[in-house]
Amino acid sequence: MSYHNPLTPPRKSATFDDNTLAEIRRAAATGIYDIRGAGTKRKVPHFDDLLFLGASISRYPLEGYREKCDTTVVLGSRFAKKPITLKTPITIAGMSFGALSGNAKEALGRGATIAGTSTTTGDGGMTDEERGHSQTLVYQYLPSRYGMNPKDLRRADAIEVVVGQGAKPGGGGMLLGQKISDRVANMRNLPKGIDQRSACRHPDWTGPDDLEIKIMELREITDWEKPIYVKVGGARPYYDTALAVKAGADVVVLDGMQGGTAATQDVFIENVGMPTLACIRPAVQALQDLGMHRKVQLIISGGIRSGADVAKALALGADAVAIGTAALVAIGDNDPRWEEEYQKLGTTAGAYDDWHEGKDPAGITTQDPELSKRLDPIVAGRRLANYLKVMTLEAQTIARACGKNHLHNLEPEDLCALTMEAAAMAQIPLAGTNWYPGKGGY
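The sequence shown begins at 44 in this note's numbering and counts up by one.
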């Protein structure tokens, strides 16, 4: 006979928590796996678990804004005739027209141009508005090949061959039928209103040797002018980076599991891939082992939110970062002023799980013409430019405090870790020690 003390509150299971129970019930009722947008919602070791060691006696800091701290970055200098020079190492990640509204894509282009950085097309092709308002535009070449044509390859400033994405390495994308408007259908050569599923791998190559041939084809189409990026999801960063370099990439883009997506299975987002923090050092090691660090540039994406995150990524060895979710927030996505309408959709501002529905009240992740009108691309572009400016200034402030006259002069020894997990992943000493897990001695 069991007895429960009424003075002791009942305990819920940590394994079968409320979210888990709700998902079991939803799956049992529908027989359909859950689909959503954005990146992982689970807590994983991240840049918050690292701290900078500012200068004091053993290091000499730079004086405020009187001493220069450079932020420029050159991407694609390995083989391209026309490498890209950006004023800030913070770029805008690929997000498609289809996943985003035309006004949102225009806003991203406007903001990036004001800030002196690049934006990226995403799946589904290049729009005239995006090209027209983007001073530097990277054209994504994805397994789906939706909207791909030689004319747009030549109109781009760089080409990004997408092998994988942080939210779903090894998996293809989704675009539900309600977001496939007449224009999206025409650009992608798809029937209107029918769910679209992108391929998980390129149809004409099966490995790094074929990737080398594909990169050579792209170089010939563009007369060797455009830098060629290769983007991979964070899964096996050492080998994927090494193989991308061997295949001839000018730039490697590495996306951790905090990176978002327009839509895919929730089980994929939460259970496949590695945290961004765990991806950087193996990729840098691969570049160093090949003698290509700083010769082939490394762009890190997945959960970048602030200038501190930027500075930490660069200190660990990256050349630049890319932001997606943060850029959408900057232009107005998931704004609490639309809370009442988010509630009607069964979600809340800040949940980021409604992107695939096509009913975004902010007018960003939708193809509804009336909702899209809510986003003013000029105002939204200025907001993005402001955000990029603040992030850049924050990163400069930290670099100066560490005595560095360029963001790229930040290095691992400028950092310490707060947790054992972060120390092991970033290979940074635990605060107050000179040791991290995996390193011999104490």
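A virtual CB, placed ideally from N, CA and C, is assigned to each residue, including glycine. Small disclaimer: the values here were computed from a predicted structure and weren't measured.
Suppose you measure from the CA of G145 to the CA of A358; what does that come to, to the nearest Å?
C-alpha separation (whole angstroms): 36 Å.
Could you tell me which uninterrupted alpha helix (DSSP H) segments, each at least 4 residues in length, are contained entirely in the segment 132-169, listed from first to last along the chain?
The segment 132-169 contains these whole alpha helix (DSSP H) runs: 145-158.
Can you tell me whether E454 is helix, strand or coil according to DSSP?
Note: E454 maps to coil in three-state DSSP.
S161 to A155 span [Cα, whole Å]
Cα-Cα distance, rounded: 6 Å.
Indicate the three-state DSSP secondary structure (helix, strand or coil) for Q5 in the structure shown.
What the structure shows of the chain is the stretch from 44 to 485, and residue 5 is not part of that stretch, so it cannot be assessed.
For P53, which residues in the same chain have their Cβ closer than 6 Å to its Cβ, ignoring the five residues on either side in sequence?
Correct list: empty, nothing qualifies.
Spatial neighbours of R425 within its chain, please: C-beta separation below 8 Å, excluding the five flanking residues on both sides.
Cβ neighbours of R425 beyond the five flanking positions: R153, G154, I157.
Go through its chain and collect everything with a Cβ distance to A489's Cβ below 7 Å, but skip five positions before and after it.
It is not possible to answer for residue 489, since the shown part of the chain is limited to 44 through 485.
Taking the straight line between their C-alpha atoms, what separation do you get for L50 and L461?
Their backbone Cα atoms lie some 38 Å apart in a straight line.
Please name the residue in P132, P270, E313 whose C-alpha comes closest to that of I78.
When only C-alpha atoms are compared, the closest one is E313.
Just reading off the beta strand (DSSP E) that Y184 is part of, what are its end residues?
Following the DSSP letters along the chain, one finds Y184 inside the beta strand (DSSP E) bounded by residues 180-184.
Alpha carbon to alpha carbon, how far is Y485 from T476?
Interpretation of Y485 is limited by its pLDDT of 47, a score under 50 that renders its predicted location unreliable; the figure taken from the coordinates is listed afterwards. For Y485 and T476, the distance between alpha carbons rounds to 8 Å.
With contact counted as at least three CB pairs below 8 Å, one residue from each stretch, are the segment 54-74 and the segment 277-291 in contact?
Touching, no, given that fewer than three Cβ pairs across the two stretches are closer than 8 Å.
Does the beta-carbon of Y490 have 16 or more other beta-carbons within 10 angstroms, so that it is buried, or is it exposed?
A query on residue 490 cannot be resolved here, the shown segment of the chain reaching from 44 to 485 and no further.
Burial state of Y108, where buried means 16 or more other Cβ atoms lie within 10 Å
It is exposed - the Cβ of Y108 has fewer than 16 other Cβ atoms within 10 Å.
Excluding the five sequence neighbours on either side, which residues of its own chain have a C-beta within less than 6 Å of the C-beta of A199, listed in chain order?
Closer than 6 Å at the Cβ level, and outside the excluded window around A199, lie L180, Y182.
Per DSSP, S415 is paired with what?
None; S415 has no bridge partner.
Taking the alpha helix (DSSP H) that E263 belongs to, which residues open and close that run?
Residue range 251-264 is occupied by the alpha helix (DSSP H) that includes E263.
Should L64 go down as buried or exposed, given a rule of 16 or more other Cβ atoms within 10 Å for buried?
The C-beta of L64 has fewer than 16 other C-beta atoms within 10 Å across all chains shown, which makes the residue exposed.
Of the listed residues R417, V327, T304, nearest to A369 (C-alpha basis):
Selected option, being the one with the closest Cα: T304.
Within the chosen definition, does the segment 457-471 reach the segment 109-126 through at least 3 CB pairs nearer than 8 Å?
Too few Cβ pairs lie closer than 8 Å, so no.
Secondary structure, alpha helix (DSSP H): runs of 4+ residues fully inside the segment 262-333
With a minimum length of 4 residues, the continuous alpha helix (DSSP H) runs that stay inside the segment 262-333 are 280-289, 309-314, 319-332.
Distance, Q470 Cα to H173 Cα:
One detail in the question is off: residue 173 reads as Glu in this sequence, not His. Approximately 40 Å between the Cα atoms of the pair.
Identify every residue that forms a DSSP beta bridge with K203.
Note on identity: in this sequence residue 203 is Glu, with Lys being the wrong assignment. Q183, Y272, per the DSSP bridge assignment.
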